[in-house]
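The block underneath contains the structure these notes are about, expressed in structure tokens.
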Amino acid sequence: MKYVEFDSARPLDLVLLGRVAIDFNPAYNEQVKEEFKPLKKVHMFEKFVGGSPANIAVGVTRHGMKAGFLGKVSDDQFGDFVTEYFAEQGIDTSHITRCTGGEKLGLTFTEMLSPKESSILMYRNCIADLQLHVDDIDEEYIKSAKAILISGTALAESPSREAAIKAVMLAKKNDTKIIFDIDYREYNWKNSDEISIYYSIVAKEADIIMGSREEFDLTEKLIRPGMRDEESAAFWQGYHAKIVVIKHGMKGSTAYTCDGQSFSIKPFPVEARKGFGGGDGYGSGFLYGLYQGWEVIDCLEFGSAEASMMVRSNNCSDSLPGPEEVHAFIKEEKEKFGEMIARV
Numbered sequence: 001m002k003y004v005e006f007d008s009a010r011p012l013d014l015v016l017l018g019r020v021a022i023d024f025n026p027a028y029n030e031q032v033k034e035e036f037k038p039l040k041k042v043h044m045f046e047k048f049v050g051g052s053p054a055n056i057a058v059g060v061t062r063h064g065m066k067a068g069f070l071g072k073v074s075d076d077q078f079g080d081f082v083t084e085y086f087a088e089q090g091i092d093t094s095h096i097t098r099c100t101g102g103e104k105l106g107l108t109f110t111e112m113l114s115p116k117e118s119s120i121l122m123y124r125n126c127i128a129d130l131q132l133h134v135d136d137i138d139e140e141y142i143k144s145a146k147a148i149l150i151s152g153t154a155l156a157e158s159p160s161r162e163a164a165i166k167a168v169m170l171a172k173k174n175d176t177k178i179i180f181d182i183d184y185r186e187y188n189w190k191n192s193d194e195i196s197i198y199y200s201i202v203a204k205e206a207d208i209i210m211g212s213r214e215e216f217d218l219t220e221k222l223i224r225p226g227m228r229d230e231e232s233a234a235f236w237q238g239y240h241a242k243i244v245v246i247k248h249g250m251k252g253s254t255a256y257t258c259d260g261q262s263f264s265i266k267p268f269p270v271e272a273r274k275g276f277g278g279g280d281g282y283g284s285g286f287l288y289g290l291y292q293g294w295e296v297i298d299c300l301e302f303g304s305a306e307a308s309m310m311v312r313s314n315n316c317s318d319s320l321p322g323p324e325e326v327h328a329f330i331k332e333e334k335e336k337f338g339e340m341i342a343r344v
């Protein structure tokens, strides 16, 4: 059953709004292999485009979807790096604009201590992505997209939060579907009340909401704290949500649909390189399946497979797979572990 109908006449499948950053990961390639160690011991890094909505933009494009990006980048060579990388991937960059006040793209240095122990060191002072302004939001651009994805990080500060809310308002006005990826990053926020205020504004308008249990708890703090997953799903479906996806890390995730059904999935077993980046692969794969009109459980399986592929990779963007690679991975895993390896 199709829970969300996308307007096939619109040229863009998805416009993503929010954070783009530069990731510096310990080098791990044919020439240099920085093994698991503290960040202070790492000598060589590899540079990648990062940031959850940026990675999802790359991921869905690898699956043949047409994506555009609404964001702000620094007016320097790192800004060039992002826009040129997006253009090479086939992502529309016409609505990525440059900062004029000297703001810089965020820099993320990743620490990989073991397959299960990872952390990040962020440089986000005077940050470029949160300079997105209401004047940067073009109604015609939003009208040209089947859906818009709002990253919760964009709601952390003004002027970005007003820009994101304007985009949501224009999407509702023009029947552009709204996907809310809660995407909580603690380092962006001043207090938990602000989180609940701004997350709930977008969640009430969204057709699809994706987040961890912690992220839903933060969203619901000022509304109805302490809800279980089923209660959270029903609550947001009482507004506009057709699909609510709640993730529990290595324990798996469940999609709740507006007809009262639920579908659950577990991660595929892999030898991990890092403990992050899987969520962006998950989002890319899950959304691709929805656009293809698949059953929800198949969307979840595809997304979970892509997430597992990404945690074994040394980056969160370059290694995002195409659909053939994901299908091959699923086939290989099922041959090894059994047909129901991921399905609950």
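If you count the sequence shown from 1, position 94 lands on 94 in the UniProt record's numbering, and the numbers rise without skipping. Note that CB positions come from ideal geometry on N, CA and C, so glycine has one too.
Hey, how far is the Cα of residue i from the Cα of residue j?
| i | j | result |
| --- | --- | --- |
| residue 237 | residue 258 | 6 Å |
| residue 229 | residue 101 | 43 Å |
| residue 293 | residue 1 | 8 Å |
| residue 205 | residue 320 | 29 Å |
| residue 55 | residue 150 | 13 Å |
| residue 80 | residue 119 | 27 Å |
| residue 8 | residue 30 | 43 Å |
| residue 136 | residue 314 | 33 Å |
| residue 255 | residue 188 | 27 Å |
| residue 161 | residue 332 | 43 Å |
| residue 12 | residue 240 | 22 Å |
| residue 141 | residue 123 | 31 Å |
| residue 42 | residue 231 | 45 Å |
| residue 117 | residue 310 | 15 Å |
| residue 347 | residue 174 | There is simply no residue 347 to check, as the chain begins at 1 and stops at 344 in what is shown. |
| residue 191 | residue 217 | 14 Å |
| residue 115 | residue 67 | 32 Å |
| residue 73 | residue 329 | 35 Å |
Using beta-carbon positions only, say whether residue i and residue j come within less than 7 Å of one another.
| i | j | result |
| --- | --- | --- |
| residue 179 | residue 147 | yes |
| residue 401 | residue 300 | In the structure as shown, the chain begins at 1 and stops at 344. Residue 401 is therefore absent and cannot be evaluated. |
| residue 242 | residue 3 | yes |
| residue 78 | residue 105 | yes |
| residue 129 | residue 98 | no |
| residue 220 | residue 184 | no |
| residue 339 | residue 326 | no |
| residue 145 | residue 10 | yes |
| residue 6 | residue 27 | no |
| residue 342 | residue 304 | yes |
| residue 270 | residue 213 | no |
| residue 57 | residue 16 | yes |
| residue 163 | residue 134 | yes |
| residue 199 | residue 152 | yes |
| residue 209 | residue 244 | yes |
By DSSP, does residue i sit in helix, in strand, or in coil?
| i | result |
| --- | --- |
| residue 106 | strand |
| residue 100 | coil |
| residue 181 | strand |
| residue 344 | coil |
| residue 92 | strand |
| residue 349 | The structure shown has nothing for residue 349, since the chain only spans 1 to 344. |
| residue 61 | helix |
| residue 222 | coil |
| residue 333 | helix |
| residue 142 | helix |
| residue 300 | helix |
| residue 4 | coil |
| residue 169 | helix |
| residue 211 | strand |
| residue 46 | strand |
| residue 319 | coil |
| residue 263 | strand |
| residue 73 | strand |
| residue 308 | helix |
| residue 129 | helix |
| residue 83 | helix |
| residue 250 | helix |
| residue 153 | helix |
| residue 401 | What the structure shows of the chain is the stretch from 1 to 344, and residue 401 is not part of that stretch, so it cannot be assessed. |
Below 8 Å on the Cβ atoms is my contact criterion, and I expect residue i with residue j to pass it. Report the Cβ-Cβ distance as a whole number of Å.
| i | j | result |
| --- | --- | --- |
| residue 107 | residue 48 | That belief does not hold up - the Cβ atoms of residue 107 and residue 48 are roughly 12 Å apart, past 8 Å. |
| residue 95 | residue 113 | Contact flag wrong, Cβ pair sits at about 38 Å. |
| residue 246 | residue 234 | Contact doesn't hold; Cβ gap of about 12 Å is too wide. |
| residue 196 | residue 223 | 7 Å |
| residue 266 | residue 202 | Contact flag wrong, Cβ pair sits at about 29 Å. |
| residue 282 | residue 323 | About 15 Å; that fails the 8 Å criterion. |
| residue 211 | residue 182 | 3 Å |
| residue 88 | residue 131 | No, residue 88 and residue 131 are not in contact; Cβ-Cβ is about 24 Å, not under 8 Å. |
| residue 50 | residue 22 | 6 Å |
| residue 286 | residue 268 | Residue 286 to residue 268, Cβ: 14 Å. No contact. |
Using only the heavy atoms of the ligand HEM, determine whether one of them is closer than 6 Å to the beta carbon of residue i.
| i | result |
| --- | --- |
| residue 16 | What this structure holds is no ligand at all, so the ligand HEM is not there to describe. |
Cβ of residue i less than 7 Å from any chain E Cβ?
| i | result |
| --- | --- |
| residue 323 | Reference to chain E is not applicable here, since this structure consists of a single protein chain. |
Report yes or no: do the segment 58-74 and the segment 34-47 share at least 3 C-beta pairs separated by less than 8 Å?
-> no
Contact the segment 163-174 vs the segment 276-284: 3+ CB pairs below 8 Å | no
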